[in-house]
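Student: Taken in order, these protein sequences are the chains called W and D. Under numbering that gives the first Met the number 0, the letters of the first sequence match residues 0 to 286, in that order. Under numbering that gives the first Met the number 0, the letters of the second sequence match residues 0 to 139, in that order. The C-beta atom is built at its ideal place from N, Cα and C for all residues, glycine as well. None of these values were measured; they are calculated from a predicted model. Quick one: the structure is below, and I'll ask about it shortly.
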Amino acid sequence: MAVGKEIRTKISSIKNTQKITRAMEMVAASKMRKTKDRMQATRPYSKKIGQIIKHLAHANPEYKHPFLISRETKRVGLIVVSSDRGLCGGLNSNLFRKTLGKLVEWENAGIEVDVCTIGTKGSSFFSNLKTNLVGQVSKLGDVPHLQDIVGIIKIMLDLYNEGKIDQLYIANNDFVNTMTQRPVIEQLLPIIASDIEENIKGHWDYIYEPDAKDVLDYLLVRYIESIVYQGLVENNACEQAARMVAMKSASDNAGNLIGELQLVYNKARQAAITQEISEIVAGAAAV
Amino acid sequence: MTMTVHVDIVSAEKEIFSGLAEMVFAPAELGEVGISPRHAPLITRLSPGEVRVKVSEKEHYPFYISGGILEVQPHLVTVLADTAIRAKDIDEAAAIAAKAEAEEALSDKSGNVDYATAQAQLLDAIMQLRTLDRYRKRGE
Chain W
0 MAVGKEIRTK ISSIKNTQKI TRAMEMVAAS KMRKTKDRMQ ATRPYSKKIG QIIKHLAHAN
60 PEYKHPFLIS RETKRVGLIV VSSDRGLCGG LNSNLFRKTL GKLVEWENAG IEVDVCTIGT
120 KGSSFFSNLK TNLVGQVSKL GDVPHLQDIV GIIKIMLDLY NEGKIDQLYI ANNDFVNTMT
180 QRPVIEQLLP IIASDIEENI KGHWDYIYEP DAKDVLDYLL VRYIESIVYQ GLVENNACEQ
240 AARMVAMKSA SDNAGNLIGE LQLVYNKARQ AAITQEISEI VAGAAAV
Chain D
0 MTMTVHVDIV SAEKEIFSGL AEMVFAPAEL GEVGISPRHA PLITRLSPGE VRVKVSEKEH
60 YPFYISGGIL EVQPHLVTVL ADTAIRAKDI DEAAAIAAKA EAEEALSDKS GNVDYATAQA
120 QLLDAIMQLR TLDRYRKRGE
């Protein structure tokens, strides 16, 4: 029957698309579980080191590490963590929108920005903008290693130590739950002392072994690395969760579309049959 | 009742230990330290070696760490380890193999060996074996 050939091909093509999105959804679901476990596994370490740094910011060391001293801001550094692949809903665009807002804010204040990106999406987005891109890494895969990002962290820390940038920020997606990912921009350097804990008020300092400079250098660099790494793992978990949700809604939409098209097709078929019958009846009556 | 201090041991991969203890022993860079409750604030780097948590007279928990940071507050001891393993989970065969491999690399005179890495690997393996050894001796 010649009726609705176009509609039939369209339905079958949507069915194929639906198969793909459904497969991607399932892959993303299983990857999300793994990346989420990895994210939760590294959380205690970054939480503890954050706690130590918080204590440290309240100590009164004889040696003031440059990471703890804030200076007048003329130029800032920004590390943007994005995903390597697309098809994950508004994950990257939400983050970039938030980052752009911050960039505009800085521009209005006359502050220049150096950008480092992690992930292909970020590097292609920021190379199109008129920003000063000082470093990028991408294709880190689902199991990122600390060694992979040490390089760009060092670029930024060197800039900071040379006084070329006065503040360092990181932009990444925060994993709230499977349905919600929140883009956040946090200040890494100089380290800000937040609310004081009860039991460590007053004038005190650590005993440093072997000496303050050695230990602080090591500890603070470690701290920055652990935050950036944590940001990266969280962003990975966000990517998989966002992809899973996006692919689920794509599969659902395809299902709706198929239903509607099927209805149109059936109606057309019915109309064609009715017409044929009425033609035959009319023909028979004429004889 | 004896005084206790809260101890947290975390490695980059997971939380290894969290709880109260009477004393903690750790391999600081300048020599082994023992931390009692209400110790003065201290920060130091750790060398590869054994961290031992004494929960009570009879209960000891030994761990092997490959280096890291020790932070002491009067009521809180935090060990940030690069990697940490419970002493009883140390893979003896793997440690012996790693030791042999590192020794071989160090005796290689051809010059295409990274001595620093080999040396670190050797130290790592030796300290793992020593931790395991001490754990067994105490156990018997």
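Which first and last residues belong to the alpha helix (DSSP H) in which K30/W is found?
Tutor: For the purposes of this step, residue 30/W is identified with residue 31 of the first sequence, where counting begins at 1. Where K30/W is concerned, the enclosing alpha helix (DSSP H) stretches over 4-57.
Student: Can you pull the chain D neighbours of L139/W, defined as C-beta to C-beta under 7 Å?
Tutor: Taking the first residue of the first sequence as 1, we reach residue 139/W at position 140. Within 7 Å Cβ-Cβ: nothing; L139/W doesn't reach chain D, min ~16 Å.
Student: Please report the residue range of the beta strand (DSSP E) in which D113/W lies.
Tutor: Stepping through the first sequence from its first residue, residue 113/W is reached at position 114. Run containing D113/W: 111-117, per the beta strand (DSSP E) assignment.
Student: Using the beta-carbon count (16 or more within 10 Å), is P61/D buried or exposed?
Tutor: For the purposes of this step, residue 61/D is identified with residue 62 of the second sequence, where counting begins at 1. It counts as buried.
Student: Restricting to Cα atoms, I'd like to know which of V78/D, I84/D, R129/D is closest to F24/D.
Tutor: What you label residue 24/D is simply residue 25 of the second sequence in a count that begins at 1. Here the closest residue by C-alpha is V78/D.
Student: How do the segment 34-41 of chain D and the segment 85-103 of chain D stand: do at least 3 beta-carbon pairs fall below 8 Å, yes or no?
Tutor: These segments do not touch.
Student: What is the DSSP secondary structure of K163/W, counted as helix, strand or coil?
Tutor: Counting from 1 along the first sequence, the entry for residue 163/W is found at position 164. Coil at K163/W, not helix or strand.
Student: Could you say if the segment 244-258 of chain W and the segment 60-74 of chain W meet the contact criterion of at least three C-beta pairs nearer than 8 Å?
Tutor: No, because fewer than three Cβ pairs between the segment 244-258 of chain W and the segment 60-74 of chain W fall closer than 8 Å, the two stretches do not touch.
Student: Which one of T130/W, K138/W, L132/W, V112/W has the shortest CA to CA distance from G118/W?
Tutor: By one-based count along the first sequence, residue 118/W stands at place 119. Answer by Cα proximity: K138/W.
Student: Distance check for V280/W and V244/W, CA to CA, integer angstroms please.
Tutor: Taking the first residue of the first sequence as position 1, residue 244/W is located at position 245. Taking the first residue of the first sequence as position 1, residue 280/W is located at position 281. Whole-angstrom Cα-Cα distance: 54 Å.
Student: Give the DSSP-derived three-state secondary structure of T98/W in the structure shown.
Tutor: Counting from 1 along the first sequence, the entry for residue 98/W is found at position 99. Three-state result, T98/W: helix.
Student: Check whether the Cβ atoms of T289/W and S250/W lie closer than 7 Å to each other.
Tutor: It is not possible to answer for residue 289/W, since the shown part of chain W is limited to 0 through 286.
Student: Pull up the CB-CB distance for Y264/W and I13/W, whole angstroms please, since I reckon it's below 8 Å.
Tutor: One-based indexing of the first sequence puts residue 264/W at position 265. One-based indexing of the first sequence puts residue 13/W at position 14. Their Cβ separation, rounded to whole angstroms, is 12 Å, which puts Y264/W and I13/W out of contact at 8 Å.
Student: Anything in chain W within Cβ reach of D113/D, meaning under 7 Å, just list it in chain order.
Tutor: Taking the first residue of the second sequence as 1, we reach residue 113/D at position 114. None at all; the shortest Cβ gap to chain W is about 15 Å.
Student: Could you tell me the boundaries of the alpha helix (DSSP H) in which D61/W lies?
Tutor: Translated into positions along the first sequence, residue 61/W becomes position 62. Reading off the sequence, residue 61/W comes out as Glu, not Asp. No alpha helix (DSSP H) holds E61/W; DSSP gives it neither H nor E.
Student: For A56/W, tell me which candidate among I191/W, Y222/W, S277/W, V214/W has the shortest Cα-Cα distance.
Tutor: As a first step, residue 56/W must be located in the first sequence, where it is residue number 57. Residue I191/W is the option with its Cα nearest to A56/W.
Student: Rounded to a whole number of angstroms, what is the C-alpha to C-alpha distance between L45/D and P26/D?
Tutor: Numbered from its first residue, the second sequence carries residue 45/D at position 46. Numbered from its first residue, the second sequence carries residue 26/D at position 27. Near 6 Å, if we compare the C-alpha coordinates of P26/D and L45/D.
Student: Can you list the residues of chain W that A39/D reaches, using a CB-CB cut of under 8 Å?
Tutor: As a position in the second sequence, residue 39/D is number 40, starting the count at 1. What A39/D touches in chain W: I206.
Student: Which class does P65/W belong to by DSSP, given the choice of helix, strand or coil?
Tutor: The residue given as residue 65/W occupies position 66 in the first sequence. Helix, per DSSP.
Student: With a threshold of 7 Å between beta-carbons, can I84/D be considered close to chain W, or not?
Tutor: As a first step, residue 84/D must be located in the second sequence, where it is residue number 85. No, I84/D lies away from the interface with chain W (no Cβ there is under 7 Å from its Cβ).
Student: Going along chain D, which residues have a C-beta under 8 Å from W203/W?
Tutor: Translated into the one-based positions of the first sequence, residue 203/W becomes position 204. Residues of chain D passing the Cβ test: P40.
Student: Bridge partners for K247/W per DSSP, in chain order?
Tutor: Stepping through the first sequence from its first residue, residue 247/W is reached at position 248. In the DSSP output, where bridge partners are listed per residue, K247/W has none listed.
Student: Excluding the 5 residues flanking V6/D on each side, which residues of the same chain have their C-beta closer than 6 Å to its C-beta?
Tutor: Residue mapping note: residue 6/D aligns to position 7 of the second sequence, counting from 1. Answer for V6/D: A20, V23, V52, V76, listed in chain order.
Student: Measure how close the beta-carbons of S81/W and T34/W come, nearest whole angstrom, since I'm counting them as under 8 Å.
Tutor: Looking up residue 81/W in the first sequence gives position 82. Looking up residue 34/W in the first sequence gives position 35. Actually they do not touch by this definition, with Cβ atoms about 15 Å apart.
Student: With E70/D and P43/W assumed to form a contact (beta carbons below 8 Å), what rounded beta-carbon distance in angstroms separates them?
Tutor: Start at 1 with the first residue of the second sequence, and residue 70/D comes out as number 71. Start at 1 with the first residue of the first sequence, and residue 43/W comes out as number 44. About 14 Å separates the two Cβ atoms, so there is no contact after all.
Student: Can you give the Cα-Cα distance for A267/W and A284/W, rounded to whole angstroms?
Tutor: Sequence index remark: in the first sequence, residue 267/W carries index 268 (1-based). Sequence index remark: in the first sequence, residue 284/W carries index 285 (1-based). Cα to Cα, the separation comes out at about 26 Å.
Student: Run through the segment 132-181 of chain W for me and flag every whole beta strand (DSSP E) of 3 or more residues, listed as ranges in chain order.
Tutor: Counting only runs of 3 or more, we get 166-174.
Student: Examine chain D for any beta-carbon lying closer than 7 Å to the beta-carbon of A56/W, and answer yes or no.
Tutor: Position 57 of the first sequence holds residue 56/W. Closer than 7 Å: no.
Student: Name the residue from L121/D, I68/D, A86/D, Q127/D whose alpha carbon lies nearest to the alpha carbon of K47/W.
Tutor: One-based indexing of the first sequence puts residue 47/W at position 48. Out of L121/D, I68/D, A86/D, Q127/D, I68/D has the C-alpha closest to the C-alpha of K47/W.
Student: Within the same chain, show all residues whose beta-carbon is closer than 6 Å to that of L215/W, passing over the 5 residues directly before and after it, in chain order.
Tutor: Position 216 of the first sequence, counting from 1, holds the residue named residue 215/W. Only H64 meet the Cβ criterion.
Student: Got a sec? Which residues, its chain only, sit under 6 Å from S10/D by beta carbon, not counting five neighbours each side?
Tutor: Indexing the second sequence from 1 puts residue 10/D at position 11. Closer than 6 Å at Cβ, skipping near neighbours: A80, T82, A83.
Student: Buried or exposed, going by whether 16 or more other CB atoms sit within 10 Å of the CB of A170/W?
Tutor: Numbered from its first residue, the first sequence carries residue 170/W at position 171. So A170/W counts as buried.
Student: So the candidates are T130/W, S277/W, E238/W, R96/W; which of them puts its Cα closest to the Cα of A27/W?
Tutor: As a first step, residue 27/W must be located in the first sequence, where it is residue number 28. Of the candidates T130/W, S277/W, E238/W, R96/W, the one whose C-alpha sits nearest the C-alpha of A27/W is E238/W.
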